[in-house]
Amino acid sequence: MNNNLTTHRCSFSLVDEQATVAMGKQIAKIVKSELNQGIVVYLNGDLGAGKTTITRGFVQGMGHVGHVKSPTYTLVEPYDLVNWQVYHFDLYRLADPEELEFMGIRDYFNENCCCFIEWPEKGNGLLANADITINMAYQGEQRLVEFQSHNTLGKNLLLALERSNIDSIE
């Protein structure tokens, strides 16, 4: 499905945790104001690279007030927001992909749902295809965040993110 018409890549350097949260909030702003439909995001990176932090920014940007915690032990944290459902999955501790079937994984993916999935490879074959993949890596004290789109929706999101004139969020 990846072809030159739908694949787009961009990257940003994030100086600290606040910049990572700000990036998540910017993605939420684009989803709400320009895309007006849910997205599926795969998050890759080592432990502590900022996957939960960027998701926290997104959840807050979508209107959640309060704590955003990692779903490491629950597999999924749901956020029921006005006009939106946001689901943050952390599949790191998933013992068997079949567990996803038992929890009704297919019900989480629809037009008004935004799904951020950490360790997506552990749910291979059972997850909806990603609109974008976010790869996060340490770069000294900063984080390098690389985005790749997988379809037209994802490409439109990344083009809007680039139009935001964000070279380095601080």
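The sequence shown begins at -3 in the numbering used here and counts up by one. Glycine included, each C-beta is placed from N, C-alpha and C at the ideal position.
Would DSSP call P74 helix, strand or coil? Strand, per DSSP.
Are the region 100 to 108 and the region 69 to 85 in contact at 8 Å, needing three or more beta carbon pairs? In short, these stretches touch, since the Cβ pair count reaches three.
Whose CA, out of D42, V36 and Q144, lies closest to the CA of L1? Q144 is the residue among D42, V36 and Q144 whose C-alpha sits nearest the C-alpha of L1.
If you drop the 5 nearest sequence neighbours on each side, which residues of the same chain put their C-beta closer than 6 Å to that of T48? Excluding residues within five positions, the ones whose Cβ falls inside 6 Å are S66.
Can you pull the DSSP bridge partners for V36? Partner(s): C111.
Buried versus exposed, by CB contacts within 10 Å (16 or more), Q22: It is buried - the Cβ of Q22 has at least 16 other Cβ atoms within 10 Å.
Starting from the C-beta of K25, find all residues in its chain whose C-beta is less than 7 Å away, skip the five residues before and the five after it, and write them out in chain order. In chain order, G57 place their CB closer than 7 Å to the CB of K25, counting only its own chain and leaving out the 5 sequence neighbours on each side.
Just curious, the beta strand (DSSP E) that L10 is in, first and last residue? Looking at the DSSP string, the run of the beta strand (DSSP E) that includes L10 is R5 to L10.
Rounded distance between the beta-carbons of K118 and L71, thought under 8 Å: The pair is not a contact, with the Cβ atoms about 10 Å apart (cut-off 8 Å).
Using C-beta distances below 6 Å, list every residue in its chain close to I165, excluding the 5 sequence neighbours before and after it, in chain order. Confidence in I165 is poor, its pLDDT being 46 and thus under 50, which makes the residue's placement too unreliable to answer from.
So, for Y75: in the same chain, excluding its five sequence neighbours on each side, which residues have a beta-carbon less than 6 Å away from its beta-carbon? Once the five neighbours on either side are set aside, the close Cβ partners of Y75 are V55, H60 and V82.
Checking the sheet assignment: what are the DSSP bridge partners for V141? For V141, the pairing in a beta bridge is given by DSSP as F8 and M132.
Counting only the same chain and skipping the five closest in sequence on each side, list residues whose C-beta sits under 6 Å from that of V36. Residues C111, A124, A126 and D127 of the same chain have their beta carbon placed closer than 6 Å to that of V36, with the five preceding and five following residues left out of the count.
Looking only at DSSP bridge pairs, what is Y83 linked to? BP columns for Y83 point to P74 and C111.
On the three-state DSSP scale, how would you describe N152? DSSP places N152 in helix when its eight states are reduced to three.
Three-way DSSP call (helix, strand, coil) for V27 in this model: Note: V27 maps to helix in three-state DSSP.
Quick check on the burial criterion: 16 or more other C-beta atoms within 10 angstroms. Buried or exposed for E137? It counts as exposed.
Measure the CB-CB distance between L140 and S29 and report whether it falls below 8 Å. The answer is no: Cβ separation not under 8 Å.
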